[in-house]
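Novice: Below you will find the structure I want to go over with you.
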Amino acid sequence: MAGLSAASPETTWRHRSARRAAALAAGLAALAICVTLDAATGPAMLTPAAVARSVLRLAEDPMVDAIVWSIRLPVALMAVVVGAALGTTGAVMQTVLNNPLASSYTVGISAGAGFGAALVIVLGTWLPVAESVAVPVSAFLFASLACTCVWLLGGLRGATAETLVLAGIALMFLFQALLALLQFMASPEALQQIVFWLFGSLQRATWAKLAIVAGILAALAPLLARDAWALTALRLGEDRAAALGIGVRGLRLRALAIVAVATGAAVAFVGTIGFVGLVAPHLARMLLGEDHRWLLPGSALAGALLLSAASVASKTVSPGALFPIGIVTALVGVPFFAWLVLTARRAHW
Amino acid sequence: MRLSVQDLSVRYGSRKALDGIRLDARGGEVLALIGPNGSGKSSFLRAVAGLQRHGGTVSLQGATREAIGFLPQDNGARAALTVLETVLLGRRRALGWRVPEAELARAGEVLRRLGIAALAGRLLGELSGGQRQMVFLAQVLAAEPAVLLLDEPTSALDIRHALALLTLLRDLTRQRDLVTVVAIHDLNAAARFADRIALLREGRLLAAGTPRTVLTEEAIARAYRVDAHVHEAPDGHIAVSPCRALDEAG
Numbered sequence: 012m013a014g015l016s017a018a019s020p021e022t023t024w025r026h027r028s029a030r031r032a033a034a035l036a037a038g039l040a041a042l043a044i045c046v047t048l049d050a051a052t053g054p055a056m057l058t059p060a061a062v063a064r065s066v067l068r069l070a071e072d073p074m075v076d077a078i079v080w081s082i083r084l085p086v087a088l089m090a091v092v093v094g095a096a097l098g099t100t101g102a103v104m105q106t107v108l109n110n111p112l113a114s115s116y117t118v119g120i121s122a123g124a125g126f127g128a129a130l131v132i133v134l135g136t137w138l139p140v141a142e143s144v145a146v147p148v149s150a151f152l153f154a155s156l157a158c159t160c161v162w163l164l165g166g167l168r169g170a171t172a173e174t175l176v177l178a179g180i181a182l183m184f185l186f187q188a189l190l191a192l193l194q195f196m197a198s199p200e201a202l203q204q205i206v207f208w209l210f211g212s213l214q215r216a217t218w219a220k221l222a223i224v225a226g227i228l229a230a231l232a233p234l235l236a237r238d239a240w241a242l243t244a245l246r247l248g249e250d251r252a253a254a255l256g257i258g259v260r261g262l263r264l265r266a267l268a269i270v271a272v273a274t275g276a277a278v279a280f281v282g283t284i285g286f287v288g289l290v291a292p293h294l295a296r297m298l299l300g301e302d303h304r305w306l307l308p309g310s311a312l313a314g315a316l317l318l319s320a321a322s323v324a325s326k327t328v329s330p331g332a333l334f335p336i337g338i339v340t341a342l343v344g345v346p347f348f349a350w351l352v353l354t355a356r357r358a359h360w
Numbered sequence: 570m571r572l573s574v575q576d577l578s579v580r581y582g583s584r585k586a587l588d589g590i591r592l593d594a595r596g597g598e599v600l601a602l603i604g605p606n607g608s609g610k611s612s613f614l615r616a617v618a619g620l621q622r623h624g625g626t627v628s629l630q631g632a633t634r635e636a637i638g639f640l641p642q643d644n645g646a647r648a649a650l651t652v653l654e655t656v657l658l659g660r661r662r663a664l665g666w667r668v669p670e671a672e673l674a675r676a677g678e679v680l681r682r683l684g685i686a687a688l689a690g691r692l693l694g695e696l697s698g699g700q701r702q703m704v705f706l707a708q709v710l711a712a713e714p715a716v717l718l719l720d721e722p723t724s725a726l727d728i729r730h731a732l733a734l735l736t737l738l739r740d741l742t743r744q745r746d747l748v749t750v751v752a753i754h755d756l757n758a759a760a761r762f763a764d765r766i767a768l769l770r771e772g773r774l775l776a777a778g779t780p781r782t783v784l785t786e787e788a789i790a791r792a793y794r795v796d797a798h799v800h801e802a803p804d805g806h807i808a809v810s811p812c813r814a815l816d817e818a819g
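Protein chains in written order, with this note's numbering: chain L, 12 to 360; chain P, 570 to 819.
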């Protein structure tokens, strides 16, 4: 059983941990640059230095401060928070469903959110509350409902990861059909609104919405962190995880409940944003491996970075116009994902 | 330390995989489970490990159920985990977000004991089947179990490593007063390393006892439908030489 490395296991561990910490630090630095660029980019172009001065409260121009603090920063930070949520939940789903293609799309969560939003848009005039409140609430509720359906199924005796994936795909088609029905019945104005919501947009971000999403995610993070080792063990297969004393069914249900709330919160305010939840965990996995103490923060960082970069791209692809971010993530995400799949070592699935 | 199994039965739908098995295993003793494919060896181990619904009772004297270490047969896991991370999972209950130095040292020690310390930084997907088998055994041993349930631990190993592993298991069993139950296909290895052998066929216990009492030509013919020559090797162990397969009618 001889190997090539002569270093002791403990030394190997320390080197690997140091490499991972360096990768995360580099990712954080890249994210800081991306967020600055995001805040600098828009109809009134600012320099990154001007943004940095404003953020550090060193700016002398109240106009720059107003642009940065009232408009740009909530959008830029919403990209970070939503991207982090999508990346983390994607990683959790891929682990608990034992499927490299799992994301909030796979189990119908995004389709549920889309249907929820569209339902409110179509029913808009009959609702007692403002549409700006009702749309995210409904999107959140239906995203959670989709995940709850999968969750309930997971609670049945004998439910496997495959059962959950199949149920999720069935739910996705159901919600897509219901969404298509709503689009078919909607007025031209409502239809336009639905389509715009489905494209996904960060421009509706405000500090209040950002605080809600960030607060929910901050509350969920410790719950997920507590299960990091159990999730890592699950990557060795259900049997082996169970042999290690992990209640696989309970872990899966806990993780899905967290995913339901986190994804619901993330998509409620920004609409459905594809591919981040799928690609970010793969990127993190390639760089950091599958020890979930590293994979979960890594996926959050990769998701934040991808969505932040997509936000910059959405504002620069067509100068003067805002390209829907959902389209950018899909357009960039597909070839990137193809590259990942074709070039990455296929050793992990 | 004592593992006692009473009237153990396991069903898969209408099929009985195990039927009324009664077995005892004592601390410091290696019990080998032998029998043809589908005889119920894996079902027995899974049931005792608590991973399989079953009838009958499994009781442990001198340890809790958490002290059971189970090595499943499947070595196919290809997660992007290093060998050391995989072994540390065996110490999961003692780990927080940070891995204490003592736990790291303990996992490293198990790797050194199994002779695979040099693989510590390698990913599971980069290993051979035999290396993965050793890594998963290291994971089980890292948990320092009182009861070891091992399903075909040598199936992917060459004879040298299989010999070394079985010797190590026997030594550990003696030194730490473990109850070790090993499902194994190699009758000669079972005869050489087990203190007692349980012979299963179609979910029933055909015989249990010392290798000399269980490994008879009649029992092998009955259980495996194989004509075998059983003799005593120069070192005193029982040796089995399979000669020809008998037809199903016997």
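Note that beta-carbon positions come from the ideal geometry of N, C-alpha and C, so glycine has one too.
From what residue to what residue does the alpha helix (DSSP H) around GLY101(L) run?
Specialist: If you number the first sequence from 1, residue 101(L) lands on position 90. GLY101(L) -> alpha helix (DSSP H) spans 84 to 107.
Novice: So that I know if they touch, is there some Cβ in chain P lying closer than 8 Å to that of ARG296(L)?
Specialist: Within the first sequence, the letter at position 285 stands for residue 296(L). Yes, contact with chain P.
Novice: Under three-state DSSP, which class holds GLN825(P)?
Specialist: Summary: the structure shown does not reach residue 825(P), with chain P confined to residues 570 through 819, and so no result is reported for it.
Novice: CB-CB under 6 Å to ASP76(L), same chain, minus the five flanking residues each way: which ones, in chain order?
Specialist: Numbered from its first residue, the first sequence carries residue 76(L) at position 65. So the qualifying residues of the chain are SER65 and ALA70.
Novice: Is it buried or exposed, PHE153(L), if we count other Cβ atoms within 10 angstroms and call 16 or more buried?
Specialist: By one-based count along the first sequence, residue 153(L) stands at place 142. Burial call: buried.
Novice: Three-state secondary structure (DSSP) at TYR116(L)?
Specialist: The residue given as residue 116(L) occupies position 105 in the first sequence. Coil.
Novice: By DSSP's criteria, VAL574(P) is part of a beta bridge. Which residues make up the other side?
Specialist: Within the second sequence, numbered from 1, the residue matching residue 574(P) stands at position 5. According to DSSP, which records beta bridges pairwise, VAL574(P) is partnered with LEU592(P) and VAL627(P).
Novice: Just checking: is the beta-carbon of LEU620(P) within a distance shorter than 8 Å of some beta-carbon in chain L?
Specialist: Here residue 620(P) refers to the residue found at position 51 of the second sequence. Yes, LEU620(P) lies at the interface with chain L (some Cβ there is under 8 Å from its Cβ).
Novice: Between which residues of its own chain and LEU242(L) is the CB-CB distance below 6 Å, once the five residues before and five after are set aside?
Specialist: Translated into positions along the first sequence, residue 242(L) becomes position 231. Excluding residues within five positions, the ones whose Cβ falls inside 6 Å are THR106 and HIS303.
Novice: Which chain P residues sit within Cβ distance under 9 Å of ASP49(L)?
Specialist: Taking the first residue of the first sequence as position 1, residue 49(L) is located at position 38. None at all; the shortest Cβ gap to chain P is about 31 Å.
Novice: By DSSP's criteria, GLU801(P) is part of a beta bridge. Which residues make up the other side?
Specialist: Position 232 of the second sequence, counting from 1, holds the residue named residue 801(P). Paired residues: ILE807(P).
Novice: For the alpha helix (DSSP H) that ASP250(L) lies in, which residues bound it at each end?
Specialist: Counting from 1 along the first sequence, the entry for residue 250(L) is found at position 239. Run containing ASP250(L): 249 to 254, per the alpha helix (DSSP H) assignment.
Novice: Examine the Cβ distances between the segment 274 to 287 of chain L and the segment 194 to 210 of chain L and report whether three or more of them are shorter than 8 Å.
Specialist: Touching, yes, given that three or more Cβ pairs across the two stretches are closer than 8 Å.
Novice: By the 10 Å Cβ neighbour count, where 16 or more other Cβ atoms means buried, how is LEU15(L) classified, buried or exposed?
Specialist: The residue labelled residue 15(L) in the question sits at position 4 within the first sequence. Residue placement at LEU15(L) is flagged as unreliable, the pLDDT there being 47, under the threshold of 50; the coordinate-derived value follows with that caveat. Flag for LEU15(L) reads exposed.
Novice: So with Cβ pairs under 8 Å, would you call GLY659(P) a contact of chain L?
Specialist: Counted from its first residue, the second sequence places residue 659(P) at position 90. Cβ-Cβ to chain L under 8 Å: yes for GLY659(P).
Novice: At a Cβ threshold of 8 Å, is GLU721(P) touching chain L?
Specialist: Residue numbering aside, residue 721(P) sits at position 152 when the second sequence is read from its first letter. Judged by the 8 Å Cβ criterion, GLU721(P) is not in contact with chain L.
Novice: Report yes or no: is there a C-beta of chain B within less than 8 Å of the C-beta of LEU247(L)?
Specialist: In the structure shown, chain B cannot be found, because the protein chains are L and P.
Novice: If you count every other CB in all the chains shown that lies within 10 Å of the CB of SER184(L), and 16 or more means buried, which is it?
Specialist: Here residue 184(L) corresponds to residue number 173 of the first sequence, with the count starting at 1. For the sequence presented, residue 184(L) should be read as Phe rather than Ser. Classification for PHE184(L): exposed.
Novice: Find the nearest neighbour of VAL709(P) within the set ALA731(P), LEU738(P) and ASP746(P), judged by alpha-carbon distance.
Specialist: Within the second sequence, numbered from 1, the residue matching residue 709(P) stands at position 140. The shortest C-alpha separation from VAL709(P) is found at LEU738(P).
Novice: For THR633(P) and GLU713(P), what's the separation of their Cα atoms in angstroms?
Specialist: Along the second sequence, read from residue 1 onward, the residue named residue 633(P) stands at position 64. Along the second sequence, read from residue 1 onward, the residue named residue 713(P) stands at position 144. Cα to Cα, THR633(P) sits roughly 13 Å from GLU713(P).
Novice: For ALA349(L), which three-state DSSP category applies?
Specialist: As a first step, residue 349(L) is located in the first sequence; it is residue number 338 there, counting from the start. Three-state result, ALA349(L): helix.
Novice: Return the residue from the list LEU658(P), GLY699(P) and THR742(P) that minimises the CA-CA distance to GLU721(P).
Specialist: One-based indexing of the second sequence puts residue 721(P) at position 152. The option with the nearest alpha carbon to GLU721(P) is GLY699(P).
Novice: Less than 8 Å between the C-beta atoms of VAL343(L) and CYS45(L), yes or no?
Specialist: Counted from its first residue, the first sequence places residue 343(L) at position 332. Counted from its first residue, the first sequence places residue 45(L) at position 34. Cβ atoms of VAL343(L) and CYS45(L): not closer than 8 Å.
Novice: Can you name the residues of chain P whose CB is closer than 9 Å to the CB of TRP350(L)?
Specialist: Within the first sequence, residue 350(L) is the residue found at index 339, counting from 1. The premise fails here: TRP350(L) is roughly 18 Å from chain P at the closest Cβ pair, so nothing lies under 9 Å.
Novice: Does any residue of chain P bring its CB to less than 8 Å from the CB of ALA253(L)?
Specialist: For the purposes of this step, residue 253(L) is identified with residue 242 of the first sequence, where counting begins at 1. Yes, its Cβ sits closer than 8 Å to a Cβ of chain P.
Novice: Note down the Cα distance separating ARG580(P) from PHE639(P), rounded to an integer number of angstroms.
Specialist: Walking along the second sequence from the start, residue 580(P) turns up at place 11. Walking along the second sequence from the start, residue 639(P) turns up at place 70. Approximately 20 Å, taken between the alpha carbons.
Novice: Report all residues from its chain with a CB closer than 7 Å to the CB of ALA676(P); omit the five preceding and five following residues, and keep chain order.
Specialist: The count along the second sequence starts at 1 and reaches residue 676(P) at position 107. Cβ within range, chain order: LEU653, VAL656, LEU657, ARG660 and ALA711.
Novice: Excluding the 5 residues preceding and the 5 following ARG691(P) in the sequence, name in chain order all residues of the same chain whose CB lies nearer than 6 Å to its CB.
Specialist: Indexing the second sequence from 1 puts residue 691(P) at position 122. Within the same chain, ARG691(P) has close Cβ partners VAL652.
Novice: Taking the Cβ atom as the reference point for each residue, do LEU294(L) and LEU228(L) lie within a distance shorter than 8 Å?
Specialist: Locating residue 294(L) in the first sequence gives position 283, where the first residue counts as 1. Locating residue 228(L) in the first sequence gives position 217, where the first residue counts as 1. Not a contact, by the Cβ cut-off of 8 Å.
Novice: To the nearest angstrom, report how far apart ARG765(P) and LEU774(P) are at their CA atoms.
Specialist: Along the second sequence, read from residue 1 onward, the residue named residue 765(P) stands at position 196. Along the second sequence, read from residue 1 onward, the residue named residue 774(P) stands at position 205. One C-alpha to the other measures close to 13 Å.
Novice: Under 8 Å: do the segment 604 to 614 of chain P and the segment 747 to 760 of chain P share three or more Cβ pairs, one atom per stretch?
Specialist: Segments in contact, yes.
Novice: Confirm, please, whether the CB-CB distance from LEU587(P) to ARG767(P) is below 8 Å.
Specialist: To locate residue 767(P), count along the second sequence from 1; it is residue 198. To locate residue 587(P), count along the second sequence from 1; it is residue 18. A quick correction: the sequence has Ala, not Arg, at residue 767(P). No, Cβ-Cβ distance for ALA767(P) and LEU587(P) is not below 8 Å.
Novice: Count the other C-beta atoms from every protein chain shown that fall within 10 angstroms of the C-beta of THR99(L), then say buried if there are 16 or more, exposed otherwise.
Specialist: To locate residue 99(L), count along the first sequence from 1; it is residue 88. Answer is buried; the Cβ neighbour count reaches 16.
Novice: Compare the C-beta of GLY624(P) against all C-beta atoms of chain L and say whether one is closer than 8 Å.
Specialist: Here residue 624(P) refers to the residue found at position 55 when the second sequence is read from its first residue. Closer than 8 Å: no.
Novice: Starting from the beta carbon of SER114(L), find every residue of chain P whose beta carbon is closer than 8 Å, and list them in chain order.
Specialist: For this step, residue 114(L) is matched to residue 103 along the first sequence. Within 8 Å Cβ-Cβ: nothing; SER114(L) doesn't reach chain P, min ~18 Å.
Novice: Just how far apart, CA to CA, sit HIS806(P) and ARG761(P)?
Specialist: Walking along the second sequence from the start, residue 806(P) turns up at place 237. Walking along the second sequence from the start, residue 761(P) turns up at place 192. Whole-angstrom Cα-Cα distance: 6 Å.
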